[in-house]
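Participant: The letter at position 80 of the sequence shown is residue 81 when you use my numbering, and the numbering goes up by one with no holes.
C-beta atoms are modelled at their ideal positions from N, C-alpha and C, and glycine is treated no differently.
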Amino acid sequence: MTQPIPMLEIWRGDLLESQHLGHAVVCDSSGQVVESWGDDEKVIYPRSSCKMLQALPLIESGAADAFGLSTEQLALACASHQGAAIHTDRVDAWLSDLGLTEAAFCCGPQEPNDIPARDALIRAGEAPGRRHNNCSGKHSGFLTLAKHLGAGPDYVNIDLPVQRAVKAAFEEMVEENSPGYGIDGCSAPNHACTVTGLARAMAKMAAPSGGGTRSAACERLVSAMGAHPDLVAGEGRACTELMRAMDGKVAIKTGAEAVFVAILPEQKLGIALKVADGGTRAAEAAIAALLVKYGALNAEHPMALKFMHGPIRNWDGLKTGHMKIAAGFA
Numbered sequence: 002m003t004q005p006i007p008m009l010e011i012w013r014g015d016l017l018e019s020q021h022l023g024h025a026v027v028c029d030s031s032g033q034v035v036e037s038w039g040d041d042e043k044v045i046y047p048r049s050s051c052k053m054l055q056a057l058p059l060i061e062s063g064a065a066d067a068f069g070l071s072t073e074q075l076a077l078a079c080a081s082h083q084g085a086a087i088h089t090d091r092v093d094a095w096l097s098d099l100g101l102t103e104a105a106f107c108c109g110p111q112e113p114n115d116i117p118a119r120d121a122l123i124r125a126g127e128a129p130g131r132r133h134n135n136c137s138g139k140h141s142g143f144l145t146l147a148k149h150l151g152a153g154p155d156y157v158n159i160d161l162p163v164q165r166a167v168k169a170a171f172e173e174m175v176e177e178n179s180p181g182y183g184i185d186g187c188s189a190p191n192h193a194c195t196v197t198g199l200a201r202a203m204a205k206m207a208a209p210s211g212g213g214t215r216s217a218a219c220e221r222l223v224s225a226m227g228a229h230p231d232l233v234a235g236e237g238r239a240c241t242e243l244m245r246a247m248d249g250k251v252a253i254k255t256g257a258e259a260v261f262v263a264i265l266p267e268q269k270l271g272i273a274l275k276v277a278d279g280g281t282r283a284a285e286a287a288i289a290a291l292l293v294k295y296g297a298l299n300a301e302h303p304m305a306l307k308f309m310h311g312p313i314r315n316w317d318g319l320k321t322g323h324m325k326i327a328a329g330f331a
């Protein structure tokens with residue numbers, strides 16, 4: 002089996018201190034592999050990188066239009082957000098439109114990653130809620146779909162209508178029968194696929210063909226992400242900062258354990274990668290490097306330099322090292 006290849010080096014002084022290895026695939030709109038590194042048939046859990054695929058039934062079922070969902074809500078359905086007010090206020094409003102409260106969520110309470118939101122809870126003596134969960138936008142979409150289908154409250158059950166629709170869309174987009182699933186951090190099923198399958202799905206979203214409901218759904222989700230990068234992640238996050246750097250022309254999405262995907266409509270390409278050790282900094286550097294390689298991101302843009310090269314600083318602000326994309330990758 003092909004082994005993971007070096008993607009990112011961490012240097013301190015003149016010493017190579019650490020190295021991150023992984024797998025990456027670039028596919029074109031026909032689903033063919035344009036370029037790959039490591040094992041392109043590596044089976045992975047996409048984690049939150051596949052939220053766009055999980056959101057397809059929300060549009061294809063007619064639920065999004067029936068409930069008049071905005072582009073902001075579609076972006077939130079694809080988001081792994083920070084739990085900032087711009088996220089939770091919109092989630093609360095969405096729940097209100099559904100006649101529900103956060104008690105309907107199957108995702109657990111999560112302390113906000115947004116520092117002002119976290120501090121506000123502490124000052125108020127309040128505990129984090131389920132709306133602060135980074136996946137609450139996705140779950141709002143699931144609840145909307147469940148209500149539209151007349152399904153019950155257990156919308157994360159693998160055998161019930163919402164998750165049956167999600168699995169069908171996922172397998173159609175990756176063009177694989179998933180070998181199994183795991184339970185994600187938000188309690189929803191997460192279906193496994195190959196890195197190539199994930200890249201293929203992103204390429205389909207970048208250049209949907211054949212017209213019809215699926216193509217329209219892909220275009221709407223990608224457009225919503227590009228229009229609202231602040232809702233997809235949040236301030237300081239790679240997804241938000243890199244999408245802003247590309248003027249919303251490319252949609253990118255991270256997933257836990259160092260998965261990252263990119264949807265490049267102008268280039269008609271899809272990218273997927275997985276860092277073997279689960280290191281987020283390496284996944285961010287690797288996706289930035291591939292975005293540069295394929296002409297979506299300016300190599301000299303401050304965000305490209307930030308995520309690809311560092312510098313690495315200590316708590317006193319002193320530069321202690323730097324990152325370097327490994328030779329042979331990107």
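1. Check Leu-9 in the structure and name its three-state DSSP category.
2. So, is Leu-291 buried or exposed, given that buried needs 16 or more other C-beta atoms within 10 angstroms?
3. Unbroken alpha helix (DSSP H) runs of length 4 or more, entirely within the stretch 240-322: which are they?
4. Report the residue from Met-324, Pro-58 and Ala-76 whose alpha carbon sits nearest the alpha carbon of Gly-235.
5. Please confirm whether Val-23 and Pro-5 have their CB atoms less than 8 Å apart.
6. What residue does the alpha helix (DSSP H) around His-192 start on, and which one ends it?
7. Indicate whether Phe-171 and Tyr-156 have their beta-carbon atoms separated by less than 8 Å.
8. Kindly list the residues whose CB is nearer than 7 Å to the CB of Gly-130, restricted to its own chain and excluding five residues on each side of it in sequence; keep chain order.
9. Considering just the uninterrupted stretch of the alpha helix (DSSP H) at Leu-99, what are its terminal residues?
10. Any idea if Asn-178 is buried or exposed, counting beta-carbon neighbours within 10 angstroms, 16 or more meaning buried?
11. Hey, would you say Asp-41 sits closer than 8 Å to Thr-197, going by beta carbons?
12. Using the Cβ count rule (16 or more neighbours within 10 Å means buried), how would you classify Pro-266?
13. In angstroms, rounded to a whole number, what distance separates the CA positions of Glu-61 and Thr-214?
14. Hey, quick one: how far does the beta strand (DSSP E) through Ile-159 stretch, first residue to last?
15. Quick check on Asp-90: buried or exposed, where buried means 16 or more other Cβ atoms within 10 Å of its Cβ?
Facilitator: In terms of the structure at hand:
1. strand
2. buried
3. 281-294 and 303-310
4. Ala-76
5. This sequence places Gly at residue 23; Val is not what is there. Yes, Cβ-Cβ distance for Gly-23 and Pro-5 is below 8 Å.
6. His-192 -> not in any alpha helix (DSSP H); beta strand (DSSP E) instead, spanning 190-192.
7. no
8. Glu-103 and Pro-110
9. 86-99
10. exposed
11. yes
12. buried
13. 6 Å
14. Element bounds for Ile-159: n/a, residue is neither H nor E.
15. exposed
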